[in-house]
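Remarks on the structure that follows.
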Ligand code: LLP
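Residue numbers (the numbering used here): 502 to 923.
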């Protein structure tokens, strides 16, 4: 469900015409719908109503300050994975007491910043990390609330690059070692054993892996309780998929599967959704430069590229591509939609059967709100796109397009010590 709809044969973001927006701000452009973001959050919150729970938006999916502010105002917490993300959500006004810190490689500086900010808890992924957190907390004379991230060893049935719950992945503590870890954590100074966490992968389109994760974590919580370790939080991670092409479960079915095994668990449930909140609330707007015909293929060359949206080549991801003003003839064509970057991997779609387009037409690459702009780079010295947040008939520019100065800002033109021959 989103608020990108056609009116008079023109695609709109809420009440803003995308072609007007492109004329005003140029392309390529990321466009988000505030009404859709809010709706997604409310539907998910509704699915967890009646459960003592906290939604921590996995901000890695879309970390623009204004988007964080929007979720903060709705009551969300945040799942962060770096000190940069910590600073972003504090800058957006987040309550540190609703922040959880995930990730397999936290540096001393990051641990220190998180402890000083007094975040809700750090999700710990290894024994040396546990020891390091205890050491830093002791030096700072602070208590460190920690949660062990368990690797539940299950197959979430998603793309290997975004699957994290297998025992051979780098993530989490092996199931068999969870008890040892908690026993050790109990003996380390300045740690508070606050919770148990897990995250099994992303773009999951079945409920079974969630139910299995719920069951496995419930069992550990019960065993720990029997061993005298009373936790406060059970963090079940993110991972619910969106309909790029496939049909994922609804938030209500997802919540039922996850919570089914956790009745009367007596812990606050935390979830870390990323994609499901923002994926379908964003699109990537790009203009057709050329329609190029070779003797074997047709290419639609657009002004956006893999540096703007890398998901198609990185995960073989499908994104629907919609014309902003469909031609009334209804004609169709089959083409690869490609960008200007000098790589064959620079494509948004291959052999796509789609409405016919011509040079100058605008295309919307749909479902681009999650892991779109945040994974953009300046490859080929291309400026990263501007980002716009539409609210009703108003378009907030929430990030300017990079200027050339932005691209070279941290570089230095040095004076060489030797001559050109040395
Ligand atoms: N929590 C943790 C610890 C995570 O690692 C992730 C995502 C999430 C929550 C949020 O998962 P979500 O609800 O968004 O599925 N760039 C990839 C996705 C990478 C996901 C990384 N971790 C893509 O474009 O598909």
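Where a beta carbon is used, it is the ideal one built from N, C-alpha and C, also for glycine.
Item, Value
"Cross-strand partners of residue 855 (DSSP beta bridge)", "834"
"Alpha-carbon spacing of residue 903 relative to residue 910, whole angstroms", "11 Å"
"The segment 790-804 / the segment 881-893 touching (three or more Cβ pairs under 8 Å)", "no"
"Backbone CA spacing between residue 805 and residue 583 [nearest angstrom]", "28 Å"
"CB of residue 841 within 8 Å of CB of residue 556, strictly", "no"
"Selected residue, minimal CA-CA separation from residue 608, among 619, 594, 625", "625"
"Option nearest residue 883 by Cα separation, candidates 852, 907, 622", "907"
"Residues that residue 892 bridges to, as DSSP identifies them", "895"
"Check: residue 562 C-beta below 7 Å from any heavy atom of ligand 1", "yes"
"Proximity of residue 788 and residue 523 at Cβ, strictly below 8 Å", "yes"
"Contact set for residue 504: own chain, Cβ-Cβ below 6 Å, skip 5 residues either direction", "515, 534, 536, 537"
"Span separating the alpha-carbon of residue 853 from that of residue 824", "13 Å"
"Cβ-heavy atom distance, residue 774 to ligand 1, below 7 Å", "yes"
"Closest residue to residue 558 among 546, 551, 552 (Cα-Cα distance)", "546"
"Residue 599 burial status per 10 Å Cβ neighbour count (16 or more: buried)", "buried"
"Sequence-distant residues of the same chain with beta carbon closer than 8 Å to residue 474, five excluded per side", "Within the shown structure, residues of the chain are numbered from 502 to 923, placing residue 474 beyond reach of any answer."
"For residue 624, three-class secondary structure by DSSP", "strand"
"Residue 780 vs residue 743 beta-carbon contact at 8 Å", "yes"
"CA-to-CA distance, residue 912 to residue 513, given in whole angstroms", "40 Å"
"Contacting residues, own chain, Cβ-Cβ under 8 Å from residue 754 (five flanking each side not counted)", "708"
"Status (buried if at least 16 other CB within 10 Å, exposed otherwise) for residue 602", "buried"
"Cutoff 7 Å; reference residue 519; Cβ partners in own chain excluding five residues on either side", "512, 513, 532, 786, 825, 863, 865"
"Unbroken stretches of the beta strand (DSSP E), 3 residues or longer, contained in the segment 738-794", "769-772, 783-794"
"Residues sharing a beta bridge with residue 554, DSSP", "770"
"Inter-stretch contact (C-beta, 8 Å, three-pair minimum) for the segment 721-728 and the segment 628-638", "no"
"Backbone CA spacing between residue 735 and residue 510 [nearest angstrom]", "48 Å"
"Cβ shell of residue 897 (< 6 Å), same chain only, five flanking positions each side left out", "890"
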